[in-house]
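Enquirer: Protein chains in written order, with the working numbering: chain A, 8 to 120; chain B, 24 to 136. Backbone N, C-alpha and C fix where the C-beta goes; we use that ideal spot for every residue, glycine too. Every value quoted in this text rests on a predicted model; they were computed, and no experiment measured them. Below you will find the structure I want to go over with you.
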């Protein structure tokens with residue numbers, strides 16, 4: 008119930024292509040869904056986030072699609088660049104008593120030139 | 024510039040030793056968190072604190088201890104009771120639980136020698 012399942016574990020995309028990372032959850036009490044980007048040896052940085060009353064949010068080349076009925080959300084990276092090569096984590100927050108973020112296991116993205 | 028500072032960046036521990044990882048933030052955030060990151064495991068919550076002088080166990084608190092004597096500081100001690108301490112440790116903070124959006128430090132890589 009408290010898990011966030013992320014797939015794929017790794018992804019290789021050609022420069023200019025679309026990268027898609029998917030996450031699924033079970034707990035309907037989750038009320039905030041951020042994505043984090045992490046480069047090797049660094050801490051994760053907030054990339055984009057969405058709340059369940061919105062089906063899509065776009066910031067530049069990054070888009071979150073949210074399907075509340077299916078309990079799924081995904082990150083789309085348009086026109087992927089080698090500089091996007093990083094590990095991406097989805098997360099969800101339980102709006103209840105604890106309110107901590109629960110993270111997926113991460114997707115390592117490699118964008119080939 | 025506001026942010027979170029973790030030190031040291033690299034730490035080596037001998038078997039049976041306790042070591043303390045430092046985390047300081049100047050963001051005036053109320054909540055602070057410690058996560059452990061292992062390859063393929065995502066981010067797992069060790070401890071979190073929502074206010075000064077109060078903290079709660081996360082999912083993997085055994086073998087760790089924390090204190091929160093000041094709003095800015097949330098040190099983590101890895102005790103000799105932690106059987107597999109080699110990992111990348113990340114500290115994070117947030118304004119509060121409701122607003123979400125963690126800010127992470129750059130991490131400390133702990134290695135047992």
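(1) Does the Cβ-Cβ distance between residue 87/A and residue 24/A come in under 8 angstroms?
(2) What residue from 84/A, 66/A and 57/A has the CA that sits closest to residue 75/A's CA?
(3) For residue 93/B, write down the residues that DSSP places opposite it in a beta bridge.
(4) Closer than 9 angstroms, Cβ to any Cβ of chain A: which residues of the segment 68–80 of chain B, in chain order?
(5) Please report the residue range of the beta strand (DSSP E) in which residue 12/A lies.
(6) Determine whether the beta carbon atoms of residue 73/A and residue 62/A lie at a separation below 8 angstroms.
(7) Following a CB-centred definition, is residue 120/A positioned closer than 7 angstroms to any heavy atom of the ligand SAM?
(8) Could you say which of 117/A, 51/A and 44/A lies nearest to residue 69/A if we only look at CA atoms?
(9) Does DSSP put residue 41/A in a helix, in a strand, or in coil?
(10) Here's the rule I'm using: 16 or more other beta-carbon atoms within 10 Å means buried, otherwise exposed. How should residue 97/B be labelled?
(11) Could you tell me which chain A residues have their CB closer than 7 angstroms to the CB of residue 129/B, listed as they occur along the chain?
(12) Short of 6 angstroms in beta carbon distance, which residues of its chain neighbour residue 98/A, apart from the five on each side in sequence? Order them along the chain.
(13) Which value, in whole angstroms, describes the spacing of the CA atoms of residue 36/A and residue 115/A?
(14) Since residue 37/B and residue 136/B should fall inside the 8 angstroms C-beta cutoff, what is the C-beta to C-beta distance between them, to a whole number of angstroms?
(15) In terms of alpha-carbon separation, which member of 50/B, 51/B and 34/B lies closest to residue 44/B?
(16) Does the segment 85–97 of chain B come into contact with the segment 15–24 of chain A, if we say contact requires no fewer than three beta-carbon pairs (one atom in each stretch) closer than 8 angstroms?
(17) Do you know whose CA, among 86/B, 70/B, 87/B and 85/B, lies nearest residue 79/B's CA?
(18) What does DSSP give as the partner residue(s) for residue 106/B in the beta ladder?
(19) So what's residue 86/A in DSSP terms, helix, strand or just coil?
Expert: Put simply:
(1) Taking the first residue of the first chain as 1, we reach residue 87/A at position 80. Taking the first residue of the first chain as 1, we reach residue 24/A at position 17. In contact: residue 87/A and residue 24/A (Cβ atoms closer than 8 angstroms).
(2) Taking the first chain and counting its residues from 1, the one referred to as residue 75/A is at position 68. The shortest C-alpha separation from residue 75/A is found at 57/A.
(3) Taking the second chain and counting its residues from 1, the one referred to as residue 93/B is at position 70. According to DSSP, which records beta bridges pairwise, residue 93/B is partnered with 96/B.
(4) Against chain A - using a Cβ distance shorter than 9 angstroms - the residues of the segment 68–80 of chain B are 68, 71, 73 and 79.
(5) Position 5 of the first chain, counting from 1, holds the residue named residue 12/A. It spans 11–14 - the beta strand (DSSP E) in which residue 12/A sits, taken as one unbroken run.
(6) Numbered from its first residue, the first chain carries residue 73/A at position 66. Numbered from its first residue, the first chain carries residue 62/A at position 55. Yes; because the gap between Cβ atoms is below 8 angstroms, this pair is in contact.
(7) Among the components of this structure there are no ligands whatsoever, and the ligand SAM is therefore not found.
(8) What you label residue 69/A is simply residue 62 of the first chain in a count that begins at 1. Comparing alpha carbon positions, the residue from 117/A, 51/A and 44/A closest to residue 69/A is 44/A.
(9) What you label residue 41/A is simply residue 34 of the first chain in a count that begins at 1. Under the three-state reduction of DSSP, residue 41/A is assigned to strand.
(10) In the second chain, counting from the first residue as 1, residue 97/B sits at position 74. Buried is the label assigned to residue 97/B, since at least 16 other Cβ atoms lie within 10 Å of its Cβ.
(11) Along the second chain, one-based indexing puts residue 129/B at 106. Going along chain A in sequence order, the residues near residue 129/B (Cβ under 7 angstroms) are 49 and 50.
(12) The residue you call residue 98/A lines up with position 91 of the first chain. Here the set comprises 41, 108 and 110.
(13) As a first step, residue 36/A is located in the first chain; it is residue number 29 there, counting from the start. As a first step, residue 115/A is located in the first chain; it is residue number 108 there, counting from the start. Whole-angstrom Cα-Cα distance: 28 angstroms.
(14) Residue 37/B sits at position 14 when you count from the first residue of the second chain. Residue 136/B sits at position 113 when you count from the first residue of the second chain. Rounded, the Cβ-Cβ distance is 6 angstroms, consistent with contact.
(15) Residue mapping note: residue 44/B aligns to position 21 of the second chain, counting from 1. Comparing Cα-Cα distances from residue 44/B to each of 50/B, 51/B and 34/B, the minimum goes to 34/B.
(16) Not touching, per the Cβ criterion.
(17) Along the second chain, read from residue 1 onward, the residue named residue 79/B stands at position 56. Closest by alpha carbon: 70/B.
(18) Along the second chain, one-based indexing puts residue 106/B at 83. The partner list for residue 106/B (beta bridge, DSSP) is empty, contrary to what the question assumes.
(19) The residue given as residue 86/A occupies position 79 in the first chain. Annotated three-state conformation of residue 86/A is coil, per DSSP.
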